[in-house]
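Numbering (our numbering), first residue to last: 41 to 313. Even glycine gets a Cβ: it sits at the ideal position worked out from N, Cα and C.
Now the structure itself:
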């Protein structure tokens with residue numbers, strides 16, 4: 041299979057009720073289903089799962105961690121230089137700055153469409169932008185808004201999966217964002233669901249190893265292999281205040297792309313100098 045179905049095995053997403061949320065350069069939300077429940081609008085991909093006779097569904101956000109990387113490269117020169125002096129990761133310093141901003145960033149939103157968008161908009165002309173900047177807006181709020189906006193976009197996929205009638209009781213986080221304390225809590229609050237990390241950080245590679253073990257008859261099936269090889273190492277619960285606040289902000293986020301869709305297309309038609 042491809043990286044995502046194999047990665048789902050590495051995250052133990054081989055039963056209903058579990059989904060994985062992977063944030064690297066792009067972002068993927070993946071769910072296992074006993075039944076085939078294709079999205080009639082084609083916003084969600086549906087494939088055969090690693091469990092015979094069952095299915096998997098997932099959606100992709102083209103720029104999630106890529107937005108954070110863009111901020112670092114474009115506006116994070118100070119942290120990059122300081123990190124070089126300290127011999128540490130510049131993202132560690134950027135995270136500390138983002139954590140200083142209030143949740144919701146006083147109404148500043150980030151649309152994470154640096155390279156267009158796949159799920160749910162399928163729009164190559166979509167563009168990234170901040171909306172809601174005012175005289176009190178700080179750089180820290182612009183930075184935190186990038187993390188929040190990328191997570192709101194991931195929640196677009198979670199919402200679509202819920203619309204397909206799929207139960208969600210736990211979200212397994214992976215990718216670079218799973219190693220980020222602030223981003224883990226943002227995901228729990230915005231998804232409104234318990235989020236966990238597991239003992240394997242590289243889902244696709246670990247999933248391939250588990251599938252190989254099944255093929256070598258070390259385990260009778262994929263579920264037995266996942267049960268033996270995967271354990272939860274950290275649980276992050278949504279806070280009551282964060283869940284309530286971000287539910288309101290997410291509703292506003294969902295209104296922004298439709299309001300700008302036609303303008304994005306017009307911008308794409310403008311001649312280059």
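For residue 81, the secondary structure class from DSSP, reduced to helix, strand or coil, is coil. At the C-beta level, residue 121 and residue 129 stay beyond 8 Å of one another. Counted as a single uninterrupted DSSP element, the alpha helix (DSSP H) harbouring residue 186 occupies residues 179-203. The stretch 63-73 makes contact with the stretch 82-96; the number of CB pairs closer than 8 Å reaches 3 or more. Taking residue 139 as the centre and dropping the five residues before and after it, the same chain places the C-beta of 222 closer than 6 Å to its C-beta, in chain order. Residue 262: member of the alpha helix (DSSP H) spanning 262-269, first to last residue.
Rounded to the nearest whole angstrom, the C-alpha separation of residue 224 and residue 232 is 12 Å. Note on geometry: alpha-carbon atoms of residue 296 and residue 132 lie some 30 Å from one another. Taking 8 Å as the cut-off, the Cβ atoms of residue 194 and residue 61 count as close. Shown here, residue 310 sits in coil according to DSSP, grouped into three states, outside any helix or strand.
By the CB criterion at 8 Å, residue 152 and residue 162 fall outside the cutoff. Between residue 149 and residue 308, the C-beta gap is not smaller than 8 Å, which leaves the two residues out of contact. By the Cβ-count criterion, residue 182 is buried, with 16 or more other Cβ atoms from all chains shown falling within 10 Å of its own Cβ. With the rule of 3 Cβ pairs closer than 8 Å, the stretch 239-247 does not count as touching the stretch 172-192.
When secondary structure is reduced to three states using DSSP, residue 68 falls in the strand class. Under a 10 Å Cβ-count criterion, residue 278 is classified as buried, with 16 or more other Cβ atoms of the shown protein chains found around its own Cβ.
Residue pairing from DSSP places residue 275 in a beta bridge opposite 236. In this chain, residue 108 is not harboured by any beta strand (DSSP E); it is covered by the alpha helix (DSSP H) spanning 105-115. The beta carbon of residue 205 lies closer than 7 Å to those of 77 in the same chain, with the five residues before and after it left out. Here residue 42 is not near residue 250, since their CB atoms are 8 Å or more apart. The DSSP-derived three-state label of residue 163 is strand. Between residue 235 and residue 54 a beta carbon distance of about 18 Å is seen, past the 8 Å cut, so the two are scored as non-contacting. Here residue 218 has 237 as same chain residues with Cβ atoms under 6 Å from its own Cβ, once five neighbours each way along the sequence are excluded.
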